[in-house]
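Trainee: Sharing a structure, written as structure tokens. Questions coming.
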Amino acid sequence: MNKNNYAVIMAGGIGSRFWPFSKPENPKQFLDILGTGETLIQQTFARLQKLCPRENILVVTNNKYKGLCLNQLPDLLEDNILCEPAMRNTAPCIAYASFRIQSMNKDANIIVAASDHIILKEDDFVRVADYCLNIVSDYDVLLTIGITPSRPDTGYGYIQFTSDTLKNNTKVKGVKTFTEKPNQELALNFLDSGDFLWNSGMFIWSVKSIVLAYRKYLRDMYDVFEEGKQFYNTNKEIEFIDRVFAGCKNISVDYGIMEKSDNVYVYPANFGWSDLGTWSSVSKHVKLDENGNAIQAKKVLLYDSSENIIKISNDKLLVMQGINGYIVVEHDGALLICKKENEQEIKRFVADVSKII
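Residue numbers are given in numbering that gives the first Met the number 0: position 168 of the sequence shown equals residue 167, and the series is strictly consecutive.
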């Protein structure tokens with residue numbers, strides 16, 4: 000295993016689309032969404048341990064989730080939990096982790112991954128990620144992993160690749176465009192064209208390349224974290240981060256760097272990836288009954304009901320008749336009943352709920 004390989008797990012989100020199972024005090028990355036016996040962040044940590052030593056895995060999260068990280072990831076070093084004092088999207092999060100890693104190893108190669116995605120073909124993922132880590136150790140490139148689309152999904156961003164290759168390496172493609180979540184018609188066009196991939200949100204680069212990219216494209220943010228280089232890995236690091244982090248621009252690394260950079264490449268892959276962004280995405284990864292219902296509960300009786308997503312406590316009894324295409328989730332004294340086609344509204348429901356409780 001390459002001692003220069005590092006992993007950054009982004010774990011600061013609140014998972015509001017999975018309410019009421021996921022709540023701000025215990026968000027989805029710390030939950031066993033699929034009923035596997037492991038939480039999503041536990042699966043992610045175990046997966047990345049196949050690529051780099053455990054002492055080289057960092058988790059960037061919210062201050063209030065540090066205890067959850069320590070409890071669920073006993074092999075994670077406490078000093079490797081980087082706490083964001085404010086939510087500022089992915090660019091400040093990745094900048095903090097990158098400057099910290101640079102202070103430890105100037106030859107580091109880094110894979111950045113979300114804490115709440117699932118990967119069904121882990122051996123294939125490890126092979127692809129290891130290959131990409133070797134590439135970035137040799138070339139000044141910013142790599143992302145694109146997933147070969149199997150359907151016109153409107154819940155993912157897309158990457159359009161070109162015929163350009165990296166030094167005649169046909170496995171790695173040049174990037175033409177990044178597109179946010181498209182409508183159905185555009186997603187169909189993307190699928191038919193054959194040159195679009197789902198944006199997995201996984202990035203691979205050397206610490207040298209990403210720090211240079213911040214200097215070139217997000218100079219203000221670069222200056223903030225460069226100022227603190229004498230504090231990283233000291234007892235003054237937290238004080239420094241608490242002082243400067245909230246002042247960082249709220250921007251994604253995709254928009255701030257990847258869409259502007261001229262050395263971005265994508266590796267097309269297919270290893271059973273899903274970002275588990277919605278309840279509907281869960282139904283693609285659990286066993287369905289004969290009527291297409293995804294049920295995670297012990298006491299459920301359904302009559303003339305189909306294509307529902309049901310997750311309730313095992314001590315609760317649910318009887319449904321004539322209900323089709325709904326999400327029914329019960330957890331910790333809250334019950335959600337929502338049409339699957341309207342599940343993007345759940346974030347709004349959560350905002351309204353916060354006003355009355």
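Glycine included, C-beta positions come from ideal geometry on N, C-alpha and C. What you are looking at is a predicted structure, and each value in this text was computed from that prediction instead of being measured.
Could you pull out every residue in the same chain whose Cβ sits closer than 7 Å to the Cβ of residue 2, ignoring the five residues on either side in sequence?
Mentor: Result list for residue 2: 52, in chain order.
Trainee: To the nearest whole angstrom, what separates the beta carbons of residue 88 and residue 251, a pair I think is in contact under 8 Å?
Mentor: Yes, they are in contact, since the Cβ atoms of residue 88 and residue 251 sit about 5 Å apart, within 8 Å.
Trainee: Specify whether the stretch 128–148 and the stretch 252–266 touch according to this definition: at least 3 beta carbon pairs, one from each stretch, less than 8 Å apart.
Mentor: Yes: the two stretches touch, three or more of their Cβ pairs being nearer than 8 Å.
Trainee: So what does DSSP say about residue 0, is it helix, strand or coil?
Mentor: Coil, per DSSP.
Trainee: Using the three-state DSSP reduction, which class does residue 163 fall into: helix, strand or coil?
Mentor: Here residue 163 sits in strand by DSSP.
Trainee: Go ahead and pull the three-state DSSP assignment for residue 80.
Mentor: Three-state DSSP puts residue 80 in a strand.
Trainee: Classify residue 320 as buried or exposed, calling it buried when 16 or more other Cβ atoms lie within 10 Å of its own Cβ.
Mentor: Answer is exposed; the Cβ neighbour count stays below 16.
Trainee: Does the distance from the C-beta atom of residue 340 to that of residue 326 stay below 8 Å?
Mentor: Cβ distance not < 8 Å, so residue 340 and residue 326 don't count as in contact.
Trainee: At which residue ranges does the stretch 254–282 contain complete beta strand (DSSP E) runs of 3 or more residues, listed in the order of the chain?
Mentor: Complete beta strand (DSSP E) runs here, min 3: 263–268.
Trainee: Determine the closest residue to residue 139 out of 337, 210 and 218, with distance taken between C-alpha atoms.
Mentor: Residue 139 has its Cα closest to that of 210, out of 337, 210 and 218.
Trainee: If you count every other CB in all the chains shown that lies within 10 Å of the CB of residue 318, and 16 or more means buried, which is it?
Mentor: Exposed: under 16 other Cβ atoms inside 10 Å.
Trainee: Ignoring anything shorter than 3 residues or poking outside the stretch 91–143, list the beta strand (DSSP E) runs there in chain order.
Mentor: List check, beta strand (DSSP E) in window: 108–113.
Trainee: So what's residue 39 in DSSP terms, helix, strand or just coil?
Mentor: Three-state result, residue 39: helix.
Trainee: Which residues share a DSSP beta bridge with residue 196?
Mentor: BP columns for residue 196 point to 158.
Trainee: Check this for me: beta carbons of residue 148 and residue 196, under 8 Å apart or not?
Mentor: Result yes, Cβ atoms of residue 148 and residue 196 sit closer than 8 Å.
Trainee: Specify, as a first and last residue, the run of the beta strand (DSSP E) that residue 337 falls within.
Mentor: 333–338 is the span of the beta strand (DSSP E), which, as asked, contains residue 337.
Trainee: So, is residue 115 buried or exposed, given that buried needs 16 or more other C-beta atoms within 10 angstroms?
Mentor: When all chains shown are included, residue 115 counts as buried.
Trainee: Report, in whole angstroms, the separation of the C-beta atoms of residue 156 and residue 176, which I expect to be a contact under 8 Å.
Mentor: With 8 Å as the limit, residue 156 and residue 176 do not qualify as a contact, their Cβ atoms being about 11 Å apart.
Trainee: Please name the residue in 68, 113, 33 and 173 whose C-alpha comes closest to that of residue 92.
Mentor: Checking every option, the nearest Cα to that of residue 92 belongs to 113.
Trainee: Going by C-alpha distance, which of 63, 294 and 189 is nearest residue 25?
Mentor: Here the closest residue by C-alpha is 63.
Trainee: Of the choices 245, 215 and 304, whose alpha-carbon is the least far from that of residue 259?
Mentor: Closest option to residue 259, Cα to Cα, is 215.
Trainee: In the structure shown, what three-state DSSP assignment does residue 170 receive?
Mentor: Correct three-state label for residue 170: strand.
Trainee: What do you get for residue 119, buried or exposed, if any count of 16 or more other CB atoms within 10 angstroms of its CB means buried?
Mentor: Per the 10 Å Cβ criterion, exposed.
Trainee: Using DSSP bridges, identify the partner residues of residue 329.
Mentor: Looking at the DSSP assignment, residue 329 forms a beta bridge with 334.
Trainee: Can you grab the Cα-Cα spacing for the pair residue 23 / residue 14, in whole Å?
Mentor: In a straight line, the C-alpha of residue 23 is about 7 Å away from that of residue 14.
Trainee: Grab me the residues of residue 127's own chain with a C-beta within less than 7 Å of its C-beta, minus the 5 sequence neighbours each way, in chain order.
Mentor: Excluding positions up to five away in sequence, the list reads 144, 266, 268 and 270.
Trainee: Could you spell out the range, first to last residue, of the beta strand (DSSP E) harbouring residue 215?
Mentor: From DSSP, residue 215 is part of no beta strand (DSSP E) but of the alpha helix (DSSP H) over 206–216.
Trainee: Can you tell me which of 206, 129, 191 and 331 puts its alpha carbon nearest to the alpha carbon of residue 101?
Mentor: The residue with the shortest Cα to Cα distance from residue 101 is 206.
Trainee: Could you tell me the boundaries of the beta strand (DSSP E) in which residue 317 lies?
Mentor: Looking at the DSSP string, the run of the beta strand (DSSP E) that includes residue 317 is 317–320.
Trainee: Helix, strand or coil: which one does DSSP assign to residue 295?
Mentor: Reduced to three states, the DSSP call for residue 295 is strand.
Trainee: Once DSSP output is grouped into helix, strand and coil, what is the label at residue 14?
Mentor: Looking at residue 14 - three-state DSSP - the assignment turns out to be coil, as it is neither helix nor strand.
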